[in-house]
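Note that my numbering has the sequence shown beginning at 4, numbered continuously upward. We put the beta carbon where it would ideally sit given N, CA and C, even for glycine. Worksheet: one structure, shown below.
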Amino acid sequence: MKTRRDFLKRTALFGASAFMAPSLLGREGDGDCFFSQESASSMLVPMGDALKITGTFLDEISHDIPHQNWGEREWDQDFRYMQSIGIDTVIMIRSGYRKFITYPSAHLLGKGCYMPSVDLLDMFLRLAGKYHMKFYFGLYDSGKYWDTGDLSWEVEDNKYVIDEVWSRYGEKYKSFGGWYISGEISRKTKGVIDAFHAMGKQCKDVSGGLPTFISPWIDGKKAVMGTDKLTKEDAVSVQEHEREWNEIFDGIHDVVDACAFQDGHIDYDELDAFFTVNK
């Protein structure tokens, strides 16, 4: 990769193609698809040029919504439905958050985390294999970054998690397709370049170069979580966003392969400007 622009083009390609599906339209006799030709014909905007989706997050250990109390039967059905609409990539959004974890990690259990009732990581990898999907493993989130604003806290635990997961699961399952660095940041978070670089490099080193990616959010006018406001005045501008992310990408482009920016914190009429910069 010769320049930062090459990297940005590659990240845009990931966002635009790694998550593109063959078709969301149901075929005659296909009972698993949810969208019919009749439904499509009633839409005001033609679907032909719509961005199709082939990847999705598995949000089992959640930040701000209750965990899904599903067993393997329900997850198997969900994977089958996802496959039927063209999903070929699933990303576990995080392998743990604070004391809740998705697999029996010796390291994290030793740090006081709760023993999970089911090895969700093993189950997701098996189901991904069954339905011919690639699985991306989301790193552990200790919660310390959210408490302190310093992402470097997340490096230490993940040193052990990355090695542990690759030796126990990555070498075992062909469906293990890559890594998701789960620290969801915006702007120049303290320690972000060093932390992302350290975790991304270790992921690649242990797995023989499997791809890594991140999914930051944009500090827009709707980024008001934890307040009683609907919007805020000190939102990041397009120019600030570009300048700050140029700096971050320059520091991580050799160990982070793709970036899928979240868009939920900016207004609809800002999407074109921000995503033109992102690409």
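In angstroms with no decimal places, state the Cα-to-Cα distance between S178 and L130. 9 Å
According to the Cβ coordinates, are D266 and I221 closer than 8 Å? yes
Neighbour-count burial assignment, G113, 16 or more Cβ in a 10 Å radius: exposed
Is the beta carbon of D160 sitting closer than 8 Å to the one on S145? yes
Distance between K207 and S20 (C-alpha atoms, nearest Å): Annotation note: pLDDT 38 at S20 (below 50); position unreliable, coordinate value reported separately. Roughly 22 Å between the two C-alpha positions.
So F127 and L61 are supposed to be a Cβ contact under 8 Å. How far apart are they, rounded? 6 Å
Counting C-beta neighbours from all protein chains within 10 Å, is the total for Q242 16 or more, i.e. buried, or is it exposed? exposed
Beta strand (DSSP E) runs contained entirely in the segment 46 to 120, provided each spans 3 or more residues: 58 to 61 and 92 to 95
Which whole-angstrom value is the C-beta distance of V258 and K204, which I expect to be below 8 Å? 5 Å
Does the beta-carbon of T215 have 16 or more other beta-carbons within 10 angstroms, so that it is buried, or is it exposed? buried
Once DSSP output is grouped into helix, strand and coil, what is the label at K162? Three-state DSSP puts K162 in a helix.
Taking DSSP's pairing of strands, which residues face A261 in a bridge? F216
For I251, which residues in the same chain have their Cβ closer than 8 Å to its Cβ, ignoring the five residues on either side in sequence? K191, V195, I196 and F199
DSSP three-state call for K147: helix, strand or coil? helix
Taking DSSP's pairing of strands, which residues face K177 in a bridge? Per DSSP, none; premise fails for K177.
Cα-Cα separation, A263 to S218: 5 Å
Would you kindly work out how many angstroms separate the C-alpha atoms of P1 and M136, rounded to a whole number? Shown here, the chain extends from 4 to 282; a query on residue 1 therefore has no answer.
Extent of the continuous alpha helix (DSSP H) to which G132 belongs: L123 to K133
Whole angstroms is fine: what's the gap from P25's alpha carbon to K175's? Annotation note: pLDDT 37 at P25 (below 50); position unreliable, no value reported.
Name the DSSP bridge partner or partners of D153? Answer is K193, bridged to D153.
Which stretch, first to last residue, makes up the beta strand (DSSP E) that contains G141? K137 to G141
Would T57 and G89 be called neighbours here (beta carbons separated by less than 8 Å)? yes
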